[in-house]
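Enquirer:
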Amino acid sequence: MAGRPGIIILREGTDTSQGKPQLISNINACQAVADVVKTTLGPRGMDKLIFDGRKVTISNDGATIMRLLDIAHPAAKTLVDISMSQDAEVGDGTTSVVLLAGSMLKAIKPFVEEGVHPQIIIRNVRAAAKLAVEKVKELSIPYDMNTEQGYEMLIKCASTSLNSKLISGHQDLFSPMIVEAVKALDDAGALDEIKTLVAIKRIPGGDVRSSFLVKGVAFKKTFSYAGFEQMKKKFENPKILLLNVELELKSEKENAEVRIESPEEYQSIVDAEWQVIYDKLDACVKCGANIVLSKLPIGDLATQYFADRGLFCAGRVEDGDLKRVSKATGGTVQTSTNGLYDGILGTCGKFEEKRVGDERFNVFEDCPQSLTSTMVLRGGSEQFIAESERSVHDALMVVKRCLKSKAVVAGGGAVEMEVSKYLRDYALTIEGKGQLIISAFAKSLEVVPQQLCDNAGFDATDILSALRRKHAQDDDGKWYGVDIAEGDICDTFESGVWEPSDNKCNSLAAAAEAACVILSIDETVVNPRSQDPGGAAAQQQMMQQKPMSNMMGNAMDAVNAQKGGSRSGNLGNGVSYMRGRG
């Protein structure tokens, strides 16, 4: 009897991979991605220089690196997603979550190779993650944030976040600024609006120590027309009018047809146009405003009109800046100049147009509703300031998390070691494959202190052995982690290396869930690219089952084959160089 012909349901050129080989390939791809970012972890982590053909970025922020690498491997993109999620949810720990996910997959890879069913592994990984999160919550120490001790705790949490950043040497400057900005929001119950109410402005030039915090709103001077030189640049207790109205004389050129029979009629039309703009300007002055800000242009006629009457004006103000001014001063944005009155005006204690470096800034200080803050960052290069902004953003989110959770844990790998010990002890109380899988999960958590040691140039074997012994002895050793300063172990809680407990819980849960997502994939289907004759071949190369031994070379070439590849190398001094798509 003739064999039944195969049924083709996928278009020609579609690549499919299934079974154990494709699962191992997906795990290898995720390990390759984790190995790329692992050297950025901790206070002694290195930076990555990434060039996309147009822009150079120097960063050790995990989420930034993952985003710029433009990873094409469909399974490896899961790690990009959890890194972005960690950045949005917590702000810090983006490298740790990728590293933990890669380590978990590496630990359970032998079980996959030996034929253990993925669902058995997934079930036990989720059980271990749940136990780990519960243990972290049990270890966390609550604090009253309204006390002096609570304030010091926030400072230390901000400093811990900045410790691994490019501006780590200036924690004494930035940590109090960050805590002050976030604390004002917490007092008003507006923590969830932190991205709107706390602005970060970058001004190249000067020294990083000349960065400062404005308790109010500051934004770069907008484009000004002739006449702005005569405007008053400083006010005490001014009345502020906020508009979304164009104050500019414009001739109607489109969709307009006017038939006139005499020069007098033409003159009356011109006079009417002038009268319209003058009515708007008169309304702004008569309502009692000293400062007029508009999202739309304020032309040269209006600029000179306001200057003659002692008013300050600025047009084309960015929407975010206008909203912050509204929040800070209590003014409401008007879409018309009709019916303006004193009640819709905002106010502040002091307004001044200041020169900062080569830029001029409009600064509103001593605002009655002191929710908004503006951090002005200085630095020698654009790349340095951009990385400083990312560092400050992470620290802001960490302090926000501290204020929300009102609990902290020790950093330096102490929590990971204690949870690892707890899970190993728990594994001995159960039988079957679950014992081995949970033990492997526990071992995978040690990647954090191990990588901290590797990045600092310490002997990870000796330090991890000392940490295991200390944590196993008694409860007093639960806060012992890696002492980066001395190359030994220490009580990191006593040393002031603190992190929000929510940070750790989110990292563990997200990493475990990412590992489970990878394990739950039993088939990978890659459709051929349309309008790309070489796409199918590139995708086939991406899905090849081969070990990824060379981290920044072969591994990332395999991961990025679908996108046309990326080049990598080393520039010396520990700076990795990667080139993405041009």
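Numbering-wise, the numbering used here puts 388 at position 385 of the sequence shown, and it's gapless, one number per residue. Virtual Cβ for every residue (Gly too), placed ideally from N, Cα, C.
Buried or exposed: Trp277, going by 16 or more other Cβ atoms within 10 Å of its Cβ?
Expert: Locating residue 277 in the sequence shown gives position 274, where the first residue counts as 1. Counting Cβ neighbours within 10 Å, Trp277 comes out exposed, since fewer than 16 surround it.
Enquirer: Tell me the start and end of each unbroken alpha helix (DSSP H) in the stretch 82-148 that is at least 4 residues and wholly inside, in chain order.
Expert: The stretch 82-148 contains these whole alpha helix (DSSP H) runs: 97-116 and 121-142.
Enquirer: Short of 7 Å in beta carbon distance, which residues of its chain neighbour Cys519, apart from the five on each side in sequence? Order them along the chain.
Expert: What you label residue 519 is simply residue 516 of the sequence shown in a count that begins at 1. Only Ile125, Val128 and Arg129 meet the Cβ criterion.
Enquirer: Would you mind listing the beta strand (DSSP E) stretches within the stretch 205-274 that are 3+ residues and don't spill past its ends, in chain order?
Expert: Listed in chain order, they are 215-217, 219-223, 237-239 and 242-246.
Enquirer: Look at the alpha carbon of Lys168 and the alpha carbon of Asn63, and state the distance between them as a whole number of angstroms.
Expert: Counting from 1 along the sequence shown, the entry for residue 168 is found at position 165. Counting from 1 along the sequence shown, the entry for residue 63 is found at position 60. Rounded to whole angstroms, Lys168 to Asn63 spans 7 Å at the Cα level.
Enquirer: Which word fits Lys481, buried or exposed, when buried means at least 16 other C-beta atoms lie within 10 angstroms of its C-beta?
Expert: Here residue 481 refers to the residue found at position 478 of the sequence shown. Classification of Lys481: buried, given that the 10 Å Cβ count is 16 or more.
Enquirer: Let me make sure I understand the geometry here. Which of Gly56, Ser99, Gly313 and Lys138 has the alpha-carbon closest to that of Phe238?
Expert: Position 235 of the sequence shown holds residue 238. Among Gly56, Ser99, Gly313 and Lys138, the Cα nearest to that of Phe238 is on Gly313.
Enquirer: On the CB-based measure, 16 or more other CB atoms within 10 Å of its CB, does Ser447 come out buried or exposed?
Expert: Taking the sequence shown and counting its residues from 1, the one referred to as residue 447 is at position 444. Result: buried.
Enquirer: Does Gly153 come out as helix, strand or coil in the three-state DSSP assignment?
Expert: Start at 1 with the first residue of the sequence shown, and residue 153 comes out as number 150. Correct three-state label for Gly153: helix.
Enquirer: What is the DSSP secondary structure of Asn509, counted as helix, strand or coil?
Expert: By one-based count along the sequence shown, residue 509 stands at place 506. Looking at Asn509 - three-state DSSP - the assignment turns out to be helix.
Enquirer: What do you reckon, are the CB atoms on Thr340 and Pro371 nearer than 8 Å?
Expert: Along the sequence shown, one-based indexing puts residue 340 at 337. Along the sequence shown, one-based indexing puts residue 371 at 368. It is not a contact, given that the beta carbons lie outside the stated cut-off.
Enquirer: Let me check understanding here. Comparing Cα to Cα, which of Ile27, Val39, Val83 and Met148 lies closest to Glu117?
Expert: Residue numbering aside, residue 117 sits at position 114 when the sequence shown is read from its first letter. Glu117 has its Cα closest to that of Ile27, out of Ile27, Val39, Val83 and Met148.
Enquirer: Within 10 angstroms of its Cβ, does Tyr269 collect 16 or more other Cβ (buried), or is it exposed?
Expert: Along the sequence shown, read from residue 1 onward, the residue named residue 269 stands at position 266. Counting Cβ neighbours within 10 Å, Tyr269 comes out exposed, since fewer than 16 surround it.
Enquirer: Hey, which unbroken runs of the beta strand (DSSP E) at 3 residues or more fall wholly within the stretch 399-434?
Expert: You should have 410-413.
Enquirer: Could you tell me which residues DSSP pairs with Arg363 in its beta bridges?
Expert: By 1-based counting over the sequence shown, the position of residue 363 is 360. Partner(s): Arg358.
Enquirer: DSSP on Lys25, reduced to helix/strand/coil?
Expert: Mapped onto the sequence shown, residue 25 falls at position 22. According to the sequence provided, residue 25 is Gln. The question's Lys does not apply to it. In the structure shown, Gln25 sits in a helix (DSSP, three-state: H, G or I).
Enquirer: Relative to the C-alpha of Glu2, which residue among Thr42, Thr67 and Glu196 is closest?
Expert: The displayed coordinates of the chain run from 4 to 585. Any statement about residue 2 would go beyond what the structure contains.
Enquirer: What three-state label does DSSP hand Val336 in the structure shown?
Expert: Residue mapping note: residue 336 aligns to position 333 of the sequence shown, counting from 1. The answer is strand: DSSP assigns Val336 an E or B state.
Enquirer: Do Val139 and Leu157 have their C-beta atoms closer together than 8 Å?
Expert: Numbered from its first residue, the sequence shown carries residue 139 at position 136. Numbered from its first residue, the sequence shown carries residue 157 at position 154. Contact: no.
Enquirer: Suppose contacts are defined by Cβ-Cβ distances below 8 Å. Is Gly45 in contact with Leu455 by that definition?
Expert: Here residue 45 refers to the residue found at position 42 when the sequence shown is read from its first residue. Here residue 455 refers to the residue found at position 452 when the sequence shown is read from its first residue. Yes; because the gap between Cβ atoms is below 8 Å, this pair is in contact.
Enquirer: Would you say the beta carbon of Arg363 is closer than 7 Å to some non-hydrogen atom of the ligand SAH?
Expert: With respect to small molecules bound, the structure shown includes none, and the ligand SAH cannot be examined in it.
Enquirer: Could you tell me the alpha carbon to alpha carbon distance between Gly219 and Thr375, rounded to whole angstroms?
Expert: Sequence index remark: in the sequence shown, residue 219 carries index 216 (1-based). Sequence index remark: in the sequence shown, residue 375 carries index 372 (1-based). Looking at the two C-alpha atoms, the distance is approximately 5 Å.
Enquirer: Looking only at its chain, what residues have a beta carbon closer than 7 Å to the beta carbon of Gln453, apart from the 5 residues adjacent to it on each side?
Expert: Indexing the sequence shown from 1 puts residue 453 at position 450. Hits under 7 Å: Ala463 and Leu467.
Enquirer: If you reduce the DSSP assignment to three classes, tell me which class Ala469 lands in.
Expert: Position 466 of the sequence shown, counted from the first residue, corresponds to residue 469. Reduced to three states, the DSSP call for Ala469 is helix.
Enquirer: Per DSSP, which residues does Ser442 bridge with? Please list them.
Expert: The residue labelled residue 442 in the question sits at position 439 within the sequence shown. DSSP lists no partner for Ser442.
Enquirer: Kindly give me the distance between the Cβ atoms of Phe444 and Ala110, rounded to whole angstroms, as I take these residues to be in contact under 8 Å.
Expert: Position 441 of the sequence shown, counting from 1, holds the residue named residue 444. Position 107 of the sequence shown, counting from 1, holds the residue named residue 110. Their Cβ separation, rounded to whole angstroms, is 6 Å, which keeps Phe444 and Ala110 in contact under 8 Å.
Enquirer: Can you tell me which of the three DSSP states Tyr483 falls into?
Expert: Within the sequence shown, residue 483 is the residue found at index 480, counting from 1. Tyr483 falls in the strand class under three-state DSSP.
Enquirer: Using a Cβ-Cβ cut-off of 7 Å (strictly less than) and excluding sequence neighbours within five positions of Lys23, which residues of its own chain qualify?
Expert: Along the sequence shown, one-based indexing puts residue 23 at 20. Result list for Lys23: Val115, in chain order.
Enquirer: In chain order, what residues of the same chain have a beta carbon less than 7 Å from the beta carbon of Pro503, not counting five sequence neighbours either side?
Expert: What you label residue 503 is simply residue 500 of the sequence shown in a count that begins at 1. Closer than 7 Å at Cβ, skipping near neighbours: Cys160, Val401, Arg404, Cys405, Ser408 and Val411.
Enquirer: Smallest Cα separation from Leu426: which of Lys133, Met234, Asp73 and Ala398?
Expert: Working through the sequence shown from its first residue, we reach residue 426 at position 423. Ranking the options by Cα distance to Leu426, first place goes to Lys133.
Enquirer: Nearest by alpha-carbon distance to Gln386: which of Arg205, Glu260, Arg70 and Met148 is it?
Expert: The residue you call residue 386 lines up with position 383 of the sequence shown. Answer by Cα proximity: Arg205.
Enquirer: According to DSSP, is Lys51 part of a helix, a strand, or is it coil?
Expert: To locate residue 51, count along the sequence shown from 1; it is residue 48. Strand.
Enquirer: What residue range does the alpha helix (DSSP H) around Val178 cover?
Expert: Within the sequence shown, numbered from 1, the residue matching residue 178 stands at position 175. Note on identity: in this sequence residue 178 is Ser, with Val being the wrong assignment. Element bounds for Ser178: Gln174 to Asp190.
Enquirer: Applying the 10 Å Cβ sphere with the 16-neighbour rule, what's the burial state of Met546?
Expert: The residue given as residue 546 occupies position 543 in the sequence shown. The predicted position of Met546 is uncertain, since its pLDDT is 45 and thus under 50; a value taken from the coordinates is nonetheless stated next. With 16 or more Cβ atoms within 10 Å of its Cβ, Met546 is classed as buried.
Enquirer: Report yes if the C-beta distance between Phe2 and Lys223 is below 8 Å; otherwise report no.
Expert: As displayed, the chain neither begins before 4 nor continues past 585, which places residue 2 out of reach and without an answer.
Enquirer: Leaving out five residues on either side along the sequence, give the residues of the same chain with a beta carbon under 6 Å from the beta carbon of Leu2.
Expert: As shown, the chain starts at 4 and ends at 585. That puts residue 2 outside it, with no answer to give.
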